[in-house]
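These notes concern the structure reproduced below.
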Amino acid sequence: MNTVKNTIYLDNNATTQIAPEVAEEMAPYLGKFYANPSSIYTIGQEARVALEAARQKLAGLIGAHADEIIFTSCGSESDNTAIFSAIEMHPGKKHIVSTRVEHHAVLNYLKYLEGKGYRVTDLDVDSSGAIDVGSFSHALTDDTAIATVMYANNETGVIFPIEQLGAIAREKGILFHTDAVQAAGKIAIDVSKDAIDMLSISGHKLYAPKGIGALYVRRGVPFHPLLIGGHQEMGRRAGTENLASIIALGKACELAGTEIENDTSTIKALRDKLEKHLLENCPDARLNGNSDKRLPNTTNISFEHVDGEAILLMLDFHGICASSGSACATGSPEPSHVLSAIGVPPSFIHGSIRFSLSRYTTEADVDFVIEVMPGIIKRLRELSPVGRDKFCASR
Ligand code: PLP
């Protein structure tokens with residue numbers, strides 16, 4: 056069931072709806088329980104207890120200790136903080152290793168640092184969206200302050216070999232950060248097993264509100280805060296805590312922990328059905344990214360000689376929400392940097408659509424998309440001169 060009537064929302068990598076259980080848990084902290092968790096009187100201390108319980112729940116989702124979790128305002132802040140902290144704590148090191156397919160929260164921060172004199176190695180990905188582990192290892196040098204590679208890609212859903220990459224970085228004594236904004240809550244993460252030093256999470260990708268995030272920092276990792284001021288978050292992130300949203304994120308993580316297996320199998324079955332039918336019933340369509348090592352909720356499909364924005368408008372007409380490339384890139388005439396990096400051919404790249412499902416996606420939602428999509432693609436090709444020449448004469 057979707058909360059917005061007549062809307063089929065398949066853009067959950069852009070943001071998720073707040074789970075009803077999360078909204079319910081959060082509500083009292085928007086009203087009655089307004090005290091500052093740093094205050095020493097009773098209601099302040101009650102707020103502190105609730106905040107620490109939320110920290111424990113988040114830690115539980117990823118196999119961390121509660122004191123390794125810093126609440127932030129979003130995934131972007133977590134990413135920026137991890138990289139900033141690493142370079143501040145290693146002033147002699149001027150090199151950073153990353154990939155070409157990171158989210159702009161990492162990509163643009165690294166561009167900014169390049170302007171400040173840092174050298175960044177942006178590793179290529181192959182046509183399946185995967186990076187070469189050997190190239191990653193080769194790129195790490197004595198001058199490398201941090202390696203940062205996303206856990207899973209927001210556009211294709213491709214999952215990176217974080218366990219292997221972390222182990223390589225650890226062996227070479229280099230800090231390893233992963234942007235797990237899209238992975239957390241969708242696939243199992245265990246920082247106690249993987250050699251991850253820092254990991255970013257964002258609430259609004261796992262059924263908590265927008266404007267809340269977290270950064271995991273392994274015990275013993277040297278750390279420098281991005282925001283300097285009060286002593287909140289054990290001096291690691293200044294600013295009065297966003298208590299209501301922290302409570303919400305804690306609940307969302309608790310739910311994710313209990314729902315993950317069910318979510319994964321149910322969502323994956325629906326995603327696979329959608330993908331199979333679209334690829335079968337829309338001629339000249341291709342799947343972007345590795346079909347196996349992928350988030351269970353994401354599919355990214357390109358339709359040759361069709362404009363992705365036009366597809367989105369037609370889908371919207373039917374009440375269907377999806378995305379062409381990442382939501383943050385929508386409106387930009389440039390093709391997605393992720394799809395460019397994996398080498399999607401020019402005739403396909405502009406007709407790329409990402410569908411990302413949630414635990415609220417129903418079979419009826421998917422069936423409706425399967426029903427309308429072939430007609431949309433056919434109609435748009437009839438309207439486009441290239442599409443008309445290529446597809447309408449012979450079919
Ligand atoms: N990293 C990834 C992989 C994302 O998909 C996003 C958001 O789309 C972010 C970081 C930024 O997260 P936030 O919107 O919470 O700043």
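Under the numbering used here, the first residue of the sequence shown carries the number 56, and numbering increases by one thereafter. Note that beta-carbon positions come from the ideal geometry of N, C-alpha and C, so glycine has one too.
- The way I'd put it, the segment 208–226 doesn't touch the segment 100–117; fewer than three beta-carbon pairs between them come closer than 8 Å.
- Here S153 is bridged, per DSSP, to D177.
- If you ignore the 5 residues before and after D249, its C-beta comes within less than 7 Å of the C-beta of I217, E218, G221, all in its own chain and listed in chain order.
- Taking 8 Å as the upper bound for CB-CB distance, T62 and G312 are not in contact here, some 28 Å apart.
- In the DSSP assignment, G189 falls outside any beta strand (DSSP E) and within the unbroken alpha helix (DSSP H) covering 188–194.
- Membership of N355 in the beta strand (DSSP E) is indicated by the continuous run 353–358.
- Per DSSP, reduced to three states, the secondary structure at T71 is coil, with no helix or strand assignment.
- Cβ-Cβ distances below 7 Å link P264 to I73, G258, S300, A303 in the same chain, with the five nearest sequence neighbours on each side left out; the list follows chain order.
- By the criterion of a C-beta distance shorter than 6 Å, E359 is surrounded in its chain by D339, S402, F403, once the five residues flanking it on both sides are discounted.
- Within the same chain, and ignoring the five residues on either side of E309 in sequence, the residues whose Cβ sits closer than 7 Å to its Cβ are K112.
- When C-beta atoms of the segment 195–210 are compared with those of the segment 227–234, three or more pairs fall below 8 Å, so the two segments count as touching.
- Contact check between the segment 316–334 and the segment 190–197: fewer than three CB pairs, one atom from each, fall below 8 Å, which does not count as touching.
- Sequence-distant Cβ neighbours of E296 in its own chain, meaning closer than 7 Å and more than five residues away, are P92, L106, F126, Q287.
- Burial check for Y84: the Cβ neighbour count within 10 Å reaches 16 or more, so the residue is buried.
- Residue pairing for Y64: DSSP places it in a beta bridge opposite C376.
- Rounded to the nearest whole angstrom, the CA to CA distance from P75 to Y262 is 9 Å.
- If you draw a 10 Å sphere on the C-beta of N345, you find 16 or more other C-beta atoms in it, and that means buried.
- Here S182 is not near I356, since their CB atoms are 8 Å or more apart.
- DSSP places F423 in the helix class (H, G or I) of the three-state scheme.
- Set against 7 Å, the gap from the CB of S257 to the closest heavy atom of the ligand PLP is smaller.
- At the C-beta level, E132 and G268 come within 8 Å of one another.
- Assignment of F278 by DSSP, reduced to helix, strand and coil, places it in the coil class.
- Judged by the Cβ position, M253 fails to qualify as a neighbour of the ligand PLP at the 7 Å threshold, every heavy atom of the ligand being at least this far.
- Between S391 and G212, the alpha-carbon positions lie close to 14 Å from each other.
- Taking C-beta separations shorter than 8 Å and ignoring five residues to either side along the sequence, the partners of L195 in its chain run V152, A202, I223, A224, K227, I229, following chain order.
- Beta-carbon to beta-carbon, D362 and G406 are separated by about 6 Å, close enough to satisfy the 8 Å threshold.
- I256 places its beta carbon 8 Å or farther from that of V272.
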